[in-house]
Structures are given as C-alpha cells and as structure tokens.
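Undergrad:
In the numbering used here, the protein residues as written are 1 to 306.
1. Is residue 219 helix, strand or coil when you go by DSSP?
2. Only counting the same chain, and skipping five residues up and downstream in sequence, which positions put a Cβ closer than 6 angstroms to that of residue 288?
3. Residues in the same chain with beta-carbon distance under 6 angstroms from residue 201, minus the five sequence neighbours each way, listed in chain order, please.
4. Please list the segments of the alpha helix (DSSP H) lying wholly inside the segment 96-159, counting only runs of 4 or more residues, in order along the chain.
5. In the DSSP assignment, the alpha helix (DSSP H) including residue 189 goes from what residue to what residue?
6. Counting along the chain, where does the alpha helix (DSSP H) carrying residue 81 start and finish?
7. Would you mind giving the Cβ-Cβ distance between residue 113 and residue 35, rounded to the nearest angstrom? I have them listed as a contact below 8 angstroms.
8. Does the separation of the CB atoms of residue 117 and residue 268 fall below 9 angstroms?
9. In the structure shown, what three-state DSSP assignment does residue 281 receive?
10. Excluding the 5 residues preceding and the 5 following residue 198 in the sequence, name in chain order all residues of the same chain whose CB lies nearer than 6 angstroms to its CB.
11. What is the residue span of the alpha helix (DSSP H) that residue 45 lies within?
12. One question on the structure: do residue 228 and residue 97 come within less than 9 angstroms of each other, judged by their Cβ atoms?
13. Figure out for me which residue from 226, 137, 99, 225 has the closest Cα to the Cα of residue 302.
14. Taking a contact to mean a Cβ-Cβ separation below 9 angstroms, would you say residue 23 touches residue 249 in this structure?
15. Residues in its own chain within less than 7 angstroms of residue 246 by CB, not counting five upstream and five downstream?
16. Go ahead and label residue 149 buried or exposed: buried means 16 or more other beta carbons lie within 10 angstroms of its beta carbon, across all protein chains shown.
17. Please check the pair residue 298 and residue 143, which I expect to be a contact at CB under 8 angstroms, by giving their CB distance rounded to whole angstroms.
18. Enumerate in chain order the residues of its own chain whose CB-to-CB distance from residue 292 is below 8 angstroms, with the five nearest sequence positions on each side excluded.
19. Short check: CB of residue 48 to CB of residue 237, under 9 angstroms?
20. Is it the case that the segment 50-59 contacts the segment 216-227, given that we only count it when at least three CB pairs across the two stretches are under 8 angstroms?
21. Quick one: is residue 61 buried, meaning 16 or more other Cβ sit within 10 Å of its Cβ, or exposed?
22. What distance in whole Å lies between the Cβ atoms of residue 76 and residue 242, which are believed to be in contact at a cut-off of 8 angstroms?
23. Can you tell me whether residue 286 is helix, strand or coil according to DSSP?
24. So which of 187, 240, 172 has the shortest CA-CA distance to residue 95?
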C-alpha cells in the first residue's frame, strides 16, 4: 500500500471533528444570546424576578424530560445525592442566574460576557482556597492579563453609564463565582450520576426555586400584565439560549473531548459583542476590543499553563 493510501485509510478510521465543532460552536453562541434577550426584555419594563421566573417556567418541562430520559434504568438517588443535587442546583443555576439577571440591568451585555468568561480563573482560585492547590507564576500572569481586560472595559463603562456599573459588575461577578463553585463541587456527582442526568436534575431544582421566588415576592396576577414580547423573548431564552445549548455543548464534548470543546467557548465573548452592536445598538469601542483581547488571551494562557 502506498503512503497516500495509508493516510487516507487512517483518516477514514478517525471520526470527523466538524460535527463536534459545530455542536460546541453553536452551543457557545446560543449561550451568549441570553444576555441580549435579557437586555431586550428589560426595555419593556420587566424586572429580574419576573423575567427569570418566565425563563425557568418555560424551561422546566424540557429539563424534567432530560432528567427522566437520562435517568432511565439508572439506580434511584440516595438522600445524599438529592442533597448534592439541591446544593448544585441552587449554586450553579438558581443563584448564578439570578445574580446575572440583576447585574444585566446595570451593565452592557459585552461587559457581562467578559466577566462570566473569567470562570476558569475563579475555578483556579477556588482550587487554591478550598483544596490548597498551588498557583505558578505563569498562572498568576494569566490571571492578571484576564482581570486587566475586565478592568479596562469596566473603567470605560463607569465613565459612560455611571456609578451603578459597579453594582452591576459585582452582581455578575457573584454570578460567575457561584457557577465556579458549582463546577468545582460537581465533579464527583458527575461521575456518580452522569453529566446529563445531573444537569437535568440540578436545573429542575433551579427552575422550581425561581418559580417559588416569584410567588413569594410578586403577586400571581402580575403575570397577566407581562407584555407579550417579553413572553416570546422568555420562551426563546428558555429554549434557544438555555436548554438547546446544554445539549449542544454536551454533544460537542462527547465528540471532541472537554479540552477542545472548551476552546470553542472563545467565540462566546465576541458573539455577544457583535450581537450587542447589531441588535442592542451598543457601541464598539477600542476599550471593549482591547479588554476582550486581554480576557481571551488570559484564559487561553491559563488553559495552556495549567
């Protein structure tokens, strides 16, 4: 057999990468659209509690179906498992989502996405605080580059949007930290329950918490006053920007592996910025471009030097 035939045969024996790349890329872009939809809904005078409830109400049947489908033929959950699912659902999906929605009322979608993209750096820092892991000088440099990018955009928005930018930034940073706690603590449960089953169960818990929060803080009849565009935006948020990306990213990880699939997340901040420009009319400034470049560079360096 000549060399070209051997190369062709080897290539034929390997699965194609493009389906996995397509799933992961589309999932990352869809996740990024969440901030755009929330900002559009805020233009109709809706508050974060109502908006989050509507998103989770529409998503609840989908995640219940995911939990049922992924749990077929699997052992029933123990009391310990249910406790872990509740804690992870509270931290990773309820609290992270609520803080994110609150923060988006004060800052641009671009800055929000950059802050959330700091997640790998927060996972590293939590590993140091909770598990005593050591950080190298190169990792510290990567952290400095990423946070320098966020501070660059933050300083620009502070001048343009006023002092509430600080509150919005803290809220979204709290969202990123809450989700980082979920990532750090979910490893053992993922191995026990499986990624899809854990996601379905934890998000179901979060959906119920968001609906319960609304019932405690808002009169039930206030739902009738929600403008129709907000209902449609919430349905789009629940399906195209919440449930579908979860499935797409999982399918991408299955075909590419976690490392390569995670690298496709680099499209997230840029897609949010572009959608913010063309859909929300947010400005494209050198500060945003520079901050985005620094955040992406820092996270890429951290992935390389971990």
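Quick reminder that beta carbons are idealized off the backbone N, C-alpha and C, glycines included.
Fair warning: this is a prediction, and the values are worked out from it, not measured in the lab.
TA: Looking at the coordinates:
1. As a working mapping, residue 219 is identified with position 219 in the chain shown. Note: residue 219 maps to coil in three-state DSSP.
2. The sequence position of residue 288 within the chain shown is 288, counting from 1. Only 110, 153 meet the Cβ criterion.
3. Locating residue 201 in the chain shown gives position 201, counting from the first residue. Correct list, in chain order: 67, 85.
4. At a cut-off of 4 residues, the continuous stretches assigned as alpha helix (DSSP H) that sit fully inside the segment 96-159 are 96-103, 109-116, 119-131.
5. Translated into the one-based positions of the chain shown, residue 189 becomes position 189. 187-193 is the span of the alpha helix (DSSP H), which, as asked, contains residue 189.
6. Along the chain shown, read from residue 1 onward, the residue named residue 81 stands at position 81. Annotation: the continuous alpha helix (DSSP H) that includes residue 81 extends over 79-89.
7. Walking along the chain shown from the start, residue 113 turns up at place 113. Walking along the chain shown from the start, residue 35 turns up at place 35. Their Cβ separation, rounded to whole angstroms, is 6 angstroms, which keeps residue 113 and residue 35 in contact under 8 angstroms.
8. The residue labelled residue 117 in the question sits at position 117 within the chain shown. The residue labelled residue 268 in the question sits at position 268 within the chain shown. A distance below 9 angstroms separates the beta carbons of residue 117 and residue 268.
9. The residue labelled residue 281 in the question sits at position 281 within the chain shown. In this structure, residue 281 counts as coil in the three-state DSSP scheme.
10. Within the chain shown, residue 198 is the residue found at index 198, counting from 1. Contacts found: 189, 190.
11. The residue you call residue 45 lines up with position 45 of the chain shown. No alpha helix (DSSP H) holds residue 45; DSSP gives it neither H nor E.
12. Taking the chain shown and counting its residues from 1, the one referred to as residue 228 is at position 228. Taking the chain shown and counting its residues from 1, the one referred to as residue 97 is at position 97. For residue 228 and residue 97, no; Cβs fall outside 9 angstroms.
13. Counting from one through the chain shown, the residue named residue 302 turns up at place 302. Closest option to residue 302, Cα to Cα, is 137.
14. Working through the chain shown from its first residue, we reach residue 23 at position 23. Working through the chain shown from its first residue, we reach residue 249 at position 249. Cβ distance < 9 angstroms, so residue 23 and residue 249 count as in contact.
15. Along the chain shown, read from residue 1 onward, the residue named residue 246 stands at position 246. A distance below 7 angstroms between beta-carbons, with the five flanking residues on each side excluded, links residue 246 to the following residues of its chain, in chain order: 199.
16. Numbered from 1 along the chain shown, position 149 holds the residue referred to as residue 149. Buried, because 16 or more other Cβ atoms sit within 10 Å of the Cβ of residue 149.
17. Within the chain shown, residue 298 is the residue found at index 298, counting from 1. Within the chain shown, residue 143 is the residue found at index 143, counting from 1. Their Cβ separation, rounded to whole angstroms, is 7 angstroms, which keeps residue 298 and residue 143 in contact under 8 angstroms.
18. Counting from one through the chain shown, the residue named residue 292 turns up at place 292. Answer for residue 292: 110, 114, 149, 153, 269, 270, 273, listed in chain order.
19. By one-based count along the chain shown, residue 48 stands at place 48. By one-based count along the chain shown, residue 237 stands at place 237. No, Cβ-Cβ distance for residue 48 and residue 237 is not below 9 angstroms.
20. With three or more CB-CB distances shorter than 8 angstroms, the segment 216-227 counts as touching the segment 50-59.
21. Along the chain shown, read from residue 1 onward, the residue named residue 61 stands at position 61. Burial call: exposed.
22. What you label residue 242 is simply residue 242 of the chain shown in a count that begins at 1. What you label residue 76 is simply residue 76 of the chain shown in a count that begins at 1. That belief does not hold up - the Cβ atoms of residue 242 and residue 76 are roughly 27 angstroms apart, past 8 angstroms.
23. Reading the chain shown from its first residue, position 286 is the one you call residue 286. In this structure, residue 286 counts as helix in the three-state DSSP scheme.
24. On the chain shown, position 95 is the one that residue 95 refers to. Taking only the C-alpha atoms, the option nearest residue 95 is 172.
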